[in-house]
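Protein chains: 2
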Amino acid sequence: MKKTLLLTFLIIALNSWNALRAEDGYRLWLRYDLVSDPIKLTQYRDCVRNYLVAGNSPTLSAAREELHLGLSGLLGSGIPETHTIDHDGVLVAGKPTDALLANLNLADKLKDAGREGYVIFNTTLNKRKSIVIAANDDSGVLYGVFHFLKLLQTHQDLTGLSVSSVPKIKIRILNHWDNLDRTVERGYAGFSLWDWHKLPDYIDPRYRDYARANASLGINGSVVTNVNANALVLTPAYLEKVAALAGVFRPYGIRIYLTARFNAPMELDGFSTADPLDPEVAKWWTAKVNEIYKYIPDFGGFVVKANSEGQPGPQNYNRTHADGANMLAAALEPHHGIVMWRAFVYDDKVPDDRHKQAYTEFKPYDGTLKENVLIQVKNGAIDFQPREPFHPLFGAMPKTPLMMEFQITQEYLGFASHFVYLATLFKECLDSDTHAKGPGSTVARVIDGSLDNHTLSGMAGVANIGNDRNWCGHPFAQANWYSFGRLAWNHELAAEEIADEWIRMTFTNEKGTVEQIKSMMMASREITVNYMTPLGLHHIMGRGHHYGPGPWVKGGRPDWTSVYYHRADSVGIGFDRTASGSNAAGQYFPPVEKMFGSLEQCPEKYLLWFHHVPWDYKLKSGKTLWNALCDTYYSGVDSVRWLQRTWNKLEGKIDPERFNHVKMLLTIQEKEAVLWRNSCILYFQTFSGKPIPEGLEKPEHPLAYYEKLAFPYAPGIRPRW
Amino acid sequence: MKKTLLLTFLIIALNSWNALRAEDGYRLWLRYDLVSDPIKLTQYRDCVRNYLVAGNSPTLSAAREELHLGLSGLLGSGIPETHTIDHDGVLVAGKPTDALLANLNLADKLKDAGREGYVIFNTTLNKRKSIVIAANDDSGVLYGVFHFLKLLQTHQDLTGLSVSSVPKIKIRILNHWDNLDRTVERGYAGFSLWDWHKLPDYIDPRYRDYARANASLGINGSVVTNVNANALVLTPAYLEKVAALAGVFRPYGIRIYLTARFNAPMELDGFSTADPLDPEVAKWWTAKVNEIYKYIPDFGGFVVKANSEGQPGPQNYNRTHADGANMLAAALEPHHGIVMWRAFVYDDKVPDDRHKQAYTEFKPYDGTLKENVLIQVKNGAIDFQPREPFHPLFGAMPKTPLMMEFQITQEYLGFASHFVYLATLFKECLDSDTHAKGPGSTVARVIDGSLDNHTLSGMAGVANIGNDRNWCGHPFAQANWYSFGRLAWNHELAAEEIADEWIRMTFTNEKGTVEQIKSMMMASREITVNYMTPLGLHHIMGRGHHYGPGPWVKGGRPDWTSVYYHRADSVGIGFDRTASGSNAAGQYFPPVEKMFGSLEQCPEKYLLWFHHVPWDYKLKSGKTLWNALCDTYYSGVDSVRWLQRTWNKLEGKIDPERFNHVKMLLTIQEKEAVLWRNSCILYFQTFSGKPIPEGLEKPEHPLAYYEKLAFPYAPGIRPRW
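Here it is, written out as structure tokens:
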């Protein structure tokens, strides 16, 4: 081929490039497009002319491949791997034991880094200017590599680097509520990633990209099955499939976990009991666990939802949660596996206040659990509402490692259709002060083990990942996966800081656009609270599917209704959880109890959570409760329209595919926000008897219209036949 | 930016291109990669320097966009649209009414082309060498554009073009068995494309790409809901969603159809009856149809599965299928909509032979149906088996347009895991001679209306499309969508010809590779028959899910068992459908009846379909039936291993992503072929009492092992809770 022909080819091919590759969101925050600033690009290419990963292991190969992919994308081609350092600009990744890095005093630099921490710094090697990524273990090297690539993605300076990063929490884990038939309970981004039918032989390339994305955040565990568990996953046919997934995840530092169905010995092997104190049952679990470890030598352990929403558990045999957890923990102990036992329990008995149940049930177990048991506690005491006060168990079980369970999937926050950045929700909880050991006893310090000196610590996120091309359905739902992972690594990061880096990696480094998107993200969760459940309202969504508003839901089990939670009547609205009511406030430590329990001191965002408040009660603003309620619902809708306007200004600043995707979803969100507002206002008005304040647009339909709407195929639930 | 910097940018970006775009199969056969042969590329760029699409309409815009996308990909950039012809090399697409094309005598060239046919030829316009794509209507122009792009994709010569193409069949339609909760009955490529929850506001870009792919084949209809119908889709909330889909499909010449649940007046509006002769019922349907046309002015009509497998129908009210079909047809008639009434009926009564049921039921209706009713007949009389003789209804209802129903999704052919090219199956049926009007009365001529002078004609394919990234699960399952569409347009095409063009468009034009892949495709269906159901065996798959072998299935309704169909006993095996048995053979025209009914003349591929044959019966090869059965099962497995070896030789010849994908799936296929072979041989051996012939590998496990295997989560069925 002649040279001119080649050049023609080159130019032709390049120009047709953009037309052919739509920005569909598949690449998440690991896009690795060419650095857009030519000055920065030149600087980077000077600093990183080659890369060298010392040593060999599957994890180091993953690090090497990521560097290849990342650098060839971000800096273009011509950044080859090298094995020697004979010029400036070699990026070196390795461990203190690597000869190349022997003179760098790494042992000292990494003395607090553990297996997963890492450092990144400029130095000279063989008298050549180099950048070094170092860690005590391979997984730390991989994490450091992702961190380094992020520096390029976010246009950071590569001179004077002095990064040192250590995770604050040990188990950083996703919980997939995925069923073996690929439906996902409370999943809104298509169906399960795990194609169980074709496993173990067909390995979808997405499994590896899933692992890469997690590793880039430091997520080191994945529970691949639903907490509403299916015992079949413990049979050889499925363990072989699970092992295949584990094989893909392993190089990325991700251990696989399963949910254990408590009565599996009965369902799989015809036992007449699953009593945890029955020696035969314990023997069955020991044998089963040993079998699992034959398939998956680094199996992580079990998550258990027991005696809750119909799941079997030790209480079926008059045993305690502690009996159940300890029995499984004993089977896992020799293999260094753990049990994550969920505190989200409620059984067929309706309590006086659901809020109090987990605390009442679990606090007495403190100090009775084996060392490899964590109690997994949801951020709030009800169930992943748009806003909840922190769970009273945090700080209340000092002898037990409590792990956090956040929900990343938006079961109660508009599914995958609403633009809601959850880092502000996560942070609100983590930064809450339990006062367990005086001021500063934040939830974060309970969770990370520092408050009570636990070495085992964990944070779980209920995954929002499905088989949608962009993983999470909403382009901005990716930010929730991202921020969960970042906060699990370092809960001291600010929500804004996380948003900033995510936007830069995911969309653009252009400052104006970054700021505009960030303003939307930072406001988004409060906006959703405002059009759904302002002023401490909670659990007023549609029954079953949890889609849309259902403040009128009543009948059947009281604590599954809305009226149980909002308690609206002619006098006022809200759940009295003070001493005059259920006294759930009494489960908090005294300074917190005093704050929540006092009508005056209670933050207004939690007002109706803790108090039944008269319609005419004057809020700090001077408005009556009714008027404030109306104003807040209306402002929620107005703010969605502000989101729309702000987004529309970004046309042309980001790729058209994702621009249009978000734009269309905002249309849905606006409609649904209006649906929430109108439904709630009209319904609560039947109690307050007061008019909608002047100047506010009147609902399009009467209440009966909204009450009659049905959504039989809202996603995220088990299909009904 | 300086020039050198720009060039660096250019080279860098181009080189990083390949690393970033994995060949994931999303682009189907419309890949439009740069023509790989530089000589051809230069020739093409000479012939096509600009393009011009005359006129304006949404369909012409689609044609324009496709030319832009296709030409900028295939020929690289620099092929702009133009509005004048002042140089050689303008590609012009338009209609006879366009002034530009006035002197070309198009009316004559297009006199038999109808609305959808087109011509492509070289000519001079304004004394300049041009290529013209012309059609009587916009949809024909669009089809011609796709044809033209295919010429480039398959490296055809662009001089001396004289293409003239007219569809032989009028309704070319996909049937999606998709439910409103996104599960797909008998779907094996993930879940439904249609995201009903987010419609109408969120329009997934896949909808358009789906329409493009169909238009490229000339598919002009899509039934978006399951034949096991849900009346909800007829309610306003869903019609609004359907209308949004219709809006995406419309420019691509695709009309939308729905499945009509026969008792919808009862389910939606509280009627006490759905009797088709009840005037109130007829009025309800008329009003409903009028309502649908308000949402979708070009709505195509209904598909109905009535009184079959539990679906409601006219027989519930002692009315006939004709009564039901005519009632709906009357409602649709003013709007030019049609009814496709399925002949696949069986109700709660077990017939003496399922094979005979559709014929017995439907033949008497011939001549009683309204003009806008088609009877939709499956290719064979049982149910989409790996091999069936053609359906005896073909040719038996000369006064009625019969349309073909093929199954593209591989319900009985290994799901989306097995490499099976179905064009050979489709052709085997289409080319079968019914002898209805003497020799040459092929099924194809029944279907296309030419045998009995029908103007309405149709071919339906049960879609194999899901939300898997590559649409169909198996990269080669795309070829089945493709070949269905191609045969619906022109059933005279040879399977090999279709494979050839599909391979060139989908993989490569490299001759050796094309031939190698083609040899696999052409052999693949026979291979599958051999390891599943050789010699006319049928319906011996696992119960319910239809996954894997189940020759032992018995109990429950007889015609849902395997033993009902294979009738193995100590004497022999096979279903006697001759005059001495059920006499299903008697439903065929005499020459066919004679052939099928005679043990000697019956083609051996249908032997056990029509005859109960002794184990020691000598086949034409001289082998006993038992030995031939064994040999065929074994050769099926051996041939899968040949597929594996042949495929492995292609490493490096095609992209690694699809190479690996197919390689992994062939591993599954090999395992499952062995499973089929061992299960069937061991089971049938319990009747024949004869040894597996010398030299054949012995099954790994005893029969009991295979009988015990359970697959509770095989995909494609409704999840079980």
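Sequence lines, in order, name chains A and B.
For the first sequence, position 591 matches number 636 in my numbering, and the numbering has no gaps at all.
For the second sequence, position 101 matches number 146 in my numbering, and the numbering has no gaps at all.
The C-beta atom is built at its ideal place from N, Cα and C for all residues, glycine as well.
- Taking HIS591 of chain B as reference, the option from B:SER122, B:GLU456, B:LEU194 and B:ALA522 with the minimal CA-CA separation is B:GLU456.
- With contacts defined by Cβ atoms closer than 8 Å, ASP478 of chain B and ALA234 of chain B do not form a contacting pair.
- Within chain B, not a single residue places a beta-carbon under 8 Å from that of SER81 of chain A; the smallest gap is close to 10 Å.
- Contact between the region 82-100 of chain A and the region 273-284 of chain A is absent: fewer than three C-beta pairs spanning the two stretches fall below 8 Å.
- Taking a Cβ-Cβ threshold of 7 Å, the residues of chain B close to TYR247 of chain A are MET709, LEU710 and ILE713, in chain order.
- Looking at B:ALA305, B:ILE248 and B:GLN730, the one whose alpha-carbon comes closest to that of VAL293 of chain B is B:ILE248.
- In the three-state DSSP reduction, GLN714 of chain B falls in the helix class (H, G or I).
- Judged by DSSP in its simplified three-state form, ALA441 of chain B adopts coil rather than helix or strand.
- For the region 64-112 of chain A, the full-length alpha helix (DSSP H) segments reaching 4 residues or more read 83-92 along the chain.
- For GLY292 of chain A, the uninterrupted alpha helix (DSSP H) run begins and ends at 281-294, by DSSP.
- Listed along chain B are PHE236 and ASN512, each with a C-beta nearer than 7 Å to that of GLY235 of chain A.
- Scanning chain B for C-beta atoms nearer than 7 Å to the C-beta of LYS243 of chain A yields SER462 and ILE713, reported in chain order.
- In this chain, the alpha helix (DSSP H) harbouring THR573 of chain B covers 556-577.
- Under the Cβ criterion (8 Å, minimum of three pairs), the region 575-584 of chain B counts as touching the region 426-436 of chain B.
- Nearest in C-alpha terms to VAL390 of chain B, of all of B:ARG399, B:ILE383 and B:GLY382, is B:ARG399.
- For LEU458 of chain B, no Cβ of chain A is located within less than 8 Å of the residue's own Cβ.
- Counting only runs of at least 3 residues, the region 308-356 of chain A fully encloses the following beta strand (DSSP E) elements, listed from N- to C-terminal order: 346-349.
- Excluding its 5 nearest sequence neighbours in each direction, ASP621 of chain B has C-beta neighbours in its own chain below 8 Å: ARG612, SER627, PHE655, HIS656 and HIS657, listed in chain order.
- DSSP places SER184 of chain A inside the alpha helix (DSSP H), whose first and last residues are 183-198.
- Between VAL349 of chain A and ALA158 of chain A, the alpha-carbon positions lie close to 31 Å from each other.
- GLN646 of chain B counts as exposed, since fewer than 16 other C-beta atoms from the protein chains shown sit within 10 angstroms of its C-beta.
- Counting along the chain, PHE655 of chain A sits inside the alpha helix (DSSP H) bounded by residues 652-655.
- Within the same chain, and ignoring the five residues on either side of LEU467 of chain B in sequence, the residues whose Cβ sits closer than 6 Å to its Cβ are ASN525.
- Inter-residue distance for ILE453 of chain A and GLU110 of chain B is about 39 Å (C-alpha atoms, whole angstroms).
- For LEU146 of chain B against ALA108 of chain B, the beta-carbon gap comes to about 15 Å, at or over 8 Å, which does not count as contact.
- In chain order, GLY595 and VAL598 place their CB closer than 7 Å to the CB of ARG588 of chain B, counting only its own chain and leaving out the 5 sequence neighbours on each side.
- GLN452 of chain B is bridged by DSSP to B:VAL507.
- Apart from the 5 residues on each side of it in sequence, PRO357 of chain B sits with its Cβ closer than 6 Å to the Cβ of PHE307 and ASN308 in its chain, given in chain order.
- Under the DSSP definition of a beta bridge, TYR457 of chain B lacks any partner.
- VAL208 of chain B sits in a strand when the DSSP states are folded into three classes.
- Judged by their CB atoms, THR712 of chain B and ASP700 of chain A are not nearer to each other than the 8 Å cut-off.
- In the DSSP annotation of this structure, the continuous segment of the alpha helix (DSSP H) that includes TYR678 of chain A starts and ends at 670-693.
- Residues of chain B with a Cβ closer than 8 Å to the Cβ of ALA759 of chain A are, in chain order, HIS242.
- Where TYR302 of chain A is concerned, the enclosing beta strand (DSSP E) starts and stops at 300-304.
- Under the 8 Å criterion on CB atoms, LEU136 of chain A is classed as non-interfacial with respect to chain B.
- For PRO437 of chain A, there are no C-beta contacts with chain B under 9 Å, since the nearest C-beta of that chain is about 35 Å from it.
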